[in-house]
Each structure stands twice: as C-alpha cells, then as structure tokens.
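Chains as they are written, first to last, in the numbering used here: chain E, 1 to 110; chain L, 1001 to 1114. Here a beta-carbon is modelled for each residue, glycine too, at the ideal position from N, C-alpha and C. Bear in mind that the values here come from a model prediction, so they are computed numbers and not experimental data. See below for the structure under consideration.
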Amino acid sequence: EDQVTQSPEALRLQEGESSSLNCSYTVSGLRGLFWYRQDPGKGPEFLFTLYSAGEEKEKERLKATLTKKESFLHITAPKPEDSATYLCAVRGYNTDKLIFGTGTRLQVFP
Amino acid sequence: NAGVTQTPKFQVLKTGQSMTLQCAQDMNHEYMSWYRQDPGMGLRLIHYSVGAGITDQGEVPNGYNVSRSTTEDFPLRLLSAAPSQTSVYFCASRPRGAGTGELFFGEGSRLTVL
C-alpha cells in the first residue's frame, strides 16, 4: 500500500533560519512526488513535481530534492510569509490516485 | 478564470440528514476528486473520476456517493450524515495524463454534523 510520512509535524523558525522538511514514502513504482503549500482556510496550492532520484526543483527560497526513499523541502532564509502547512504526495504507476502525507506546519517568526 | 468552485463553503447538518456538496471546474480537466481533511489525518481520498461516466473509490468512500455526468461537475452526496463526517472537504481536478500530479483545489467546504 502506498504511504507517505512527513516530519516534523510542526516547525518553528526564526526569520532567516534555514531548515528542511522531510517526506518519506513507500510506493510500488513512483510516477511522481509532489509538494503543496496550504494556507489556513485555503485549499492546497501546487509547488513542485519530482520524478526520479537525484532530481531537484527550486522556487524562490524553496528547493525540493528526491531520493529513492524520501524527499526534502529545503527552506533557505525563510520569511514570515513562508508560514504555511507543506504537504507531500505521491502517485504510483498504474494509478490515478494521489496519496498525501499529514503535512508539516511551518511557522516563521520575525 | 474561476478554476475549481465548491459550494457551500459552510454547512451544519443534523445526524441522519442528507446533502450534496457541489464542485465545478472550468478548465476542461478529465480527472476530478474529493478529499476530506481532518486534524492529524491529512488529506484522504474519498472518490475520484477520470472522466464523465467513470467514478471509482478512494481510501474512505463509505457513506459517500458520487456521479460524473459532465466533465465540469462532480458532486459529492452524503446519504445519511454522521458526526464522523464532520470535516473539511476539498474538491480537486487536473488534466489526465502520464506524470501529472498538479491538482487544482477548491477553497473547501466545512461541514459540521451534530
């Protein structure tokens, strides 16, 4: 059964303090791993797709990386506006379903 | 460009009542899905559809029905509401195709069952 585990559950950072979020996954053939951002009271918003081990994607202060067992979302010099819940999801071959992790709630303080 | 529109945004039901959550998208996406989001449980897939006339079950389908008569609409029906169905419900869509996982989400429908 496809499974996604995210850690930590919550993370508090000072503005400018870089850190990483982890997404561990098990899937029978990875078609893609996806990162989303969710603000309170809103629907998730797509950030990145990673397809194969070694791949990296960047967007502003965020960089996502992928290995065969996990993905990291690195946040460099975060700002308060980066505060949100970050969700990881996977899709396996021969399926249309996306399976989500429970998310990491990030708070960045000035 | 409206994207994915969900109605209602908020609803309170009594146990045993039925209702329909509406979802419409204007992006001509073939794939549509319903998730529920609960604290500590993350997003869990209820039902999904890969095109008009085709639906399938997700992880937590019990107590919910769906139909897909058009590409644009994918309503979620609660047959007999239970307190365990108190949750935030999200509809999401995407183009169907290899490798695509970029789901477009609605704003959510917050349901309370008393």
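Integer Cβ distance of residue i from residue j, believed to fall under 8 Å
i                       : j                       : result
residue 1087 of chain L : residue 1037 of chain L : 7 Å
residue 1031 of chain L : residue 1048 of chain L : 7 Å
residue 47 of chain E   : residue 59 of chain E   : 6 Å
Candidates the options, of which the one nearest residue i by Cα
i                       : options                        : result
residue 5 of chain E    : E/51, E/46, E/43, E/72         : E/72
residue 1095 of chain L : L/1029, L/1059, L/1017         : L/1029
residue 17 of chain E   : E/23, E/75, E/43               : E/75
residue 1069 of chain L : L/1017, L/1089, L/1052, L/1018 : L/1052
residue 30 of chain E   : E/105, E/108, E/70, E/103      : E/70
residue 1020 of chain L : L/1059, L/1058, L/1055, L/1089 : L/1089
residue 1007 of chain L : L/1050, L/1041, L/1075, L/1084 : L/1075
residue 1014 of chain L : L/1102, L/1101, L/1085         : L/1085
residue 67 of chain E   : E/35, E/101, E/102, E/23       : E/23
Beta-carbon proximity check, residue i vs residue j, cutoff 8 Å
i                       : j                       : result
residue 1112 of chain L : residue 1012 of chain L : yes
residue 37 of chain E   : residue 77 of chain E   : no
residue 1041 of chain L : residue 102 of chain E  : yes
Same chain, Cβ closer than 8 Å to residue i, five either side skipped, listed in chain order
i                       : result
residue 1061 of chain L : 1046, 1047
residue 1104 of chain L : 1003, 1004, 1025, 1027, 1029, 1092, 1093, 1094
residue 1102 of chain L : 1094
residue 1055 of chain L : 1047, 1048, 1049, 1066, 1067, 1068
residue 32 of chain E   : 49, 50, 51, 90, 91
Cutoff 6 Å; reference residue i; Cβ partners in own chain excluding five residues on either side
i                       : result
residue 120 of chain E  : As displayed, chain E neither begins before 1 nor continues past 110, which places residue 120 of chain E out of reach and without an answer.
residue 110 of chain E  : 15, 80
residue 1043 of chain L : 1035, 1037
residue 105 of chain E  : 10, 85
residue 25 of chain E   : 4, 90
residue 1071 of chain L : 1052
residue 39 of chain E   : 84
Residue i versus residue j: straight-line alpha-carbon distance, rounded
i                       : j                       : result
residue 1098 of chain L : residue 97 of chain E   : Unreliable positioning characterises residue 1098 of chain L in this predicted model, as indicated by a pLDDT of 49, which lies under 50. A coordinate reading is not provided.
residue 86 of chain E   : residue 1106 of chain L : 17 Å
residue 82 of chain E   : residue 56 of chain E   : 20 Å
residue 1016 of chain L : residue 94 of chain E   : 37 Å
residue 1067 of chain L : residue 13 of chain E   : 44 Å
residue 1023 of chain L : residue 1078 of chain L : 14 Å
residue 1010 of chain L : residue 44 of chain E   : 18 Å
residue 107 of chain E  : residue 10 of chain E   : 8 Å
residue 1081 of chain L : residue 41 of chain E   : 23 Å
residue 1039 of chain L : residue 1059 of chain L : 17 Å
residue 1073 of chain L : residue 1033 of chain L : 11 Å
residue 51 of chain E   : residue 1083 of chain L : 39 Å
residue 88 of chain E   : residue 1018 of chain L : 33 Å
residue 20 of chain E   : residue 34 of chain E   : 16 Å
residue 65 of chain E   : residue 54 of chain E   : 7 Å
residue 1114 of chain L : residue 100 of chain E  : 28 Å
Chain C contact residues for residue i, given Cβ-Cβ distances below 7 Å
i                      : result
residue 103 of chain E : Any reference to chain C falls outside this structure, whose protein chains are E and L.
Cβ neighbours of residue i in the same chain (closer than 7 Å, five flanking residues each side left out)
i                      : result
residue 988 of chain L : Not covered by the structure: residue 988 of chain L. The range shown for chain L is 1001 to 1114.
Residue i: CB within 7 Å of a non-hydrogen atom of the ligand NAD
i                       : result
residue 1034 of chain L : By its list of ligands, the structure shown contains no ligand whatsoever, and the ligand NAD lies outside what it can speak to.
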